[in-house]
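Peer 1: Protein chains in written order, with this note's numbering: chain Y, 1 to 148; chain W, 1001 to 1058.
The structure follows.
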């Protein structure tokens, strides 16, 4: 199937919102002979739109079950409270890595639907984590300014 | 349990889909860079502006 055909999914015309959690394709292997793209949760940090085409793109932070709480709790958003997980649409404790953020076109080449779901949208970040994100980014900005 | 029944249960909010559990590996710079390289030719075709959210400091 051609990529242009794949991108004609109904959800491709409806962008996610900031702080939505969506299913993103992530390369489990970077070796060309093992492309191994798998869906994993991604946190939408901002939504962009093309001036000419009207196409959408998202800045995304990827999720991992590798929490690294001791090393990363002051750097990344970690969702681990059992009460919060279903509210976010997640089924396992997840860390969203804010070190590696990338802008991706909102298209079926980069986003996909979990089995039985009509769109890549899984859920949305709760207010408490949005506040934590703002705090983390402020700390990161402050640390960067001190270094320069 | 048949695959069809599993899919129906997932769609109805029963069992979570298998993708909900399978993201153990760490997020690596190499993997994210590989995605950025794939996205670049598509994003270069247009000028994108932020319509929801701002680009914060990192």
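Just so it is clear, CB atoms sit at the ideal spot from N, CA and C, and this is done for glycine as well.
Treat the numbers as computed from the prediction; the structure is a model and nothing was measured.
Could you give the DSSP three-state label for residue 1011 of chain W: helix, strand or coil?
Peer 2: Indexing the second chain from 1 puts residue 1011 of chain W at position 11. A caution first: residue 1011 of chain W carries a pLDDT of 47, below 50, which makes its placement in the model unreliable, though a value can still be read off. Helix.
Peer 1: Any C-beta of chain W sitting closer than 9 angstroms to the C-beta of residue 10 of chain Y?
Peer 2: Locating residue 10 of chain Y in the first chain gives position 10, where the first residue counts as 1. So, not an interface residue.
Peer 1: Could you run through the region 42-54 of chain Y and flag, in chain order, every residue whose CB is less than 7 angstroms away from some CB of chain W?
Peer 2: Residues passing the 7 angstroms Cβ filter: 45, 46, 47, 48, 49, 50, 51, 52, 53.
Peer 1: Quick one, which of Y:93, Y:121, Y:99, Y:123 has its alpha-carbon nearest residue 66 of chain Y's?
Peer 2: Here residue 66 of chain Y refers to the residue found at position 66 when the first chain is read from its first residue. Nearest of Y:93, Y:121, Y:99, Y:123 to residue 66 of chain Y, Cα basis: Y:93.
Peer 1: Would you call the CB atoms of residue 23 of chain Y and residue 108 of chain Y closer than 9 angstroms?
Peer 2: Mapped onto the first chain, residue 23 of chain Y falls at position 23. Mapped onto the first chain, residue 108 of chain Y falls at position 108. For residue 23 of chain Y and residue 108 of chain Y, no; Cβs fall outside 9 angstroms.
Peer 1: So, are the CB atoms of residue 60 of chain Y and residue 101 of chain Y less than 9 angstroms apart?
Peer 2: Taking the first residue of the first chain as 1, we reach residue 60 of chain Y at position 60. Taking the first residue of the first chain as 1, we reach residue 101 of chain Y at position 101. Taking 9 angstroms as the Cβ cut-off, residue 60 of chain Y and residue 101 of chain Y qualify as a contacting pair.
Peer 1: Along the beta strand (DSSP E) that carries residue 60 of chain Y, what are the first and last residues, could you check?
Peer 2: Translated into the one-based positions of the first chain, residue 60 of chain Y becomes position 60. Start and end: 56-64.
Peer 1: Could you run through the region 1014-1031 of chain W and flag, in chain order, every residue whose CB is less than 9 angstroms away from some CB of chain Y?
Peer 2: Going along the region 1014-1031 of chain W in chain order, one finds 1016, 1017, 1018, 1019, 1020, 1021, 1022, 1023, 1024, 1025, 1026, 1027, 1028, 1029, 1030, 1031 with a Cβ nearer than 9 angstroms to chain Y.
Peer 1: What runs of the beta strand (DSSP E), each 3 residues or longer, lie entirely inside the region 64-101 of chain Y?
Peer 2: Counting only runs of 3 or more, we get 77-79.
Peer 1: Quick test of the definition: if touching needs 3 or more C-beta pairs under 8 angstroms, does the region 1017-1024 of chain W touch the region 78-98 of chain Y?
Peer 2: At 8 angstroms Cβ cutoff, the stretches touch.
Peer 1: What in chain W is Cβ-close to residue 97 of chain Y, meaning under 7 angstroms?
Peer 2: Within the first chain, the letter at position 97 stands for residue 97 of chain Y. Those within 7 angstroms of residue 97 of chain Y in chain W are 1027.
Peer 1: At 8 angstroms on the CB atoms, spell out the chain W contacts of residue 28 of chain Y, in chain order.
Peer 2: Here residue 28 of chain Y corresponds to residue number 28 of the first chain, with the count starting at 1. Ordered by position in chain W, the residues that pass the 8 angstroms Cβ test against residue 28 of chain Y are 1025, 1031.
Peer 1: Any heavy atom of the ligand GTP within a distance shorter than 8 angstroms of the CB on residue 100 of chain Y?
Peer 2: No copy of the ligand GTP appears in this structure; indeed no ligand is present at all.
Peer 1: Since residue 1049 of chain W sits in a beta bridge, which residues does DSSP pair it with?
Peer 2: For the purposes of this step, residue 1049 of chain W is taken as the residue at position 49 of the second chain. Residue 1049 of chain W pairs with Y:49.
Peer 1: Could you give the residue range of the alpha helix (DSSP H) that holds residue 1038 of chain W?
Peer 2: Indexing the second chain from 1 puts residue 1038 of chain W at position 38. Start and end: 1029-1043.
Peer 1: Return helix, strand or coil for residue 1023 of chain W, following the three-state DSSP convention.
Peer 2: Position 23 of the second chain holds residue 1023 of chain W. In this structure, residue 1023 of chain W counts as coil in the three-state DSSP scheme.
Peer 1: Is the distance from the Cβ of residue 118 of chain Y to the Cβ of residue 111 of chain Y below 9 angstroms?
Peer 2: Here residue 118 of chain Y refers to the residue found at position 118 of the first chain. Here residue 111 of chain Y refers to the residue found at position 111 of the first chain. Contact flag unset, no.
Peer 1: Using a Cβ cut-off of 9 angstroms, pull out every chain W residue sitting near residue 114 of chain Y, in sequence order please.
Peer 2: Residue 114 of chain Y sits at position 114 when you count from the first residue of the first chain. Per Cβ cutoff of 9 angstroms: 1010, 1016, 1017, 1018, 1019, 1020.
Peer 1: Looking only at its own chain, which residues have a Cβ that is under 7 angstroms from the Cβ of residue 28 of chain Y, when we skip the five neighbours before and after it?
Peer 2: Sequence index remark: in the first chain, residue 28 of chain Y carries index 28 (1-based). Cβ within range, chain order: 36, 38.
Peer 1: Identify whether residue 43 of chain Y lies in helix, strand or coil by the three-state DSSP scheme.
Peer 2: Along the first chain, one-based indexing puts residue 43 of chain Y at 43. Of the three classes helix, strand and coil, the one that applies to residue 43 of chain Y here is strand, per DSSP.
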